[in-house]
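Asks:
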């Protein structure tokens with residue numbers, strides 16, 4: 248698979264996760280909705296990594312969005328970087344039981360709506376790159 252094929256694979260997978268995120272959001276499954284939001288952004292970053300690394304397009308097996316954006320050679324504006332930093336926390340918070348309880352308390356409908364908007368803004372910016 249060449250780097251463009253791999254980029255397209257990641258982008259398509261991200262789009263599928265985005266649709267799932269929206270279903271979870273509509274059904275008020277807030278923690279899993281935000282976890283999927285993290286995956287949406289992660290997969291876009293891995294696609295951009297593939298695009299910018301023609302010689303070695305296989306993205307590193309990491310989940311840290313900040314590190315992925317650096318490895319993808321992106322110049323991320325401060326506002327987007329701040330949003331990514333928040334989204335980055337959704338991976339661990341939703342995945343592990345000891346974090347999950349406090350994360351569930353944090354994920355009110357209002358907070359989740361705010362974070363969905365952040366995910367949408369980051370997604371839009373990444374797709375424009």
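Numbering (the working numbering), first residue to last: 248 to 376. In this text, a Cβ means the ideal position worked out from N, Cα and C, and glycines have one as well.
#1: Give the straight-line distance between the Cα atoms of residue 258 and residue 339, rounded to the nearest whole angstrom.
#2: Can you tell me which of the three DSSP states residue 359 falls into?
#3: I want to know whether the stretch 285 to 297 touches the stretch 315 to 328 - three or more CB-CB distances under 8 angstroms.
#4: Assign residue 304 to buried or exposed, taking buried as 16 or more other Cβ atoms, counted over all protein chains shown, within 10 Å of its Cβ.
#5: Do residue 288 and residue 314 have their C-beta atoms closer together than 7 angstroms?
#6: Just curious, the alpha helix (DSSP H) that residue 297 is in, first and last residue?
#7: Would you report the Cα separation of residue 352 and residue 302, rounded to the nearest angstrom?
#8: On the criterion of 16 or more Cβ atoms from any shown chain inside 10 Å, does residue 349 qualify as buried, or is it exposed?
#9: Is it true that the CB of residue 376 sits closer than 7 angstroms to the CB of residue 281?
#10: Is residue 274 near residue 354, with beta carbons less than 7 angstroms apart?
#11: CA-CA distance, residue 372 and residue 345?
Replies: The structure says:
#1: 22 angstroms
#2: helix
#3: yes
#4: buried
#5: no
#6: 277 to 299
#7: 44 angstroms
#8: exposed
#9: no
#10: no
#11: 33 angstroms
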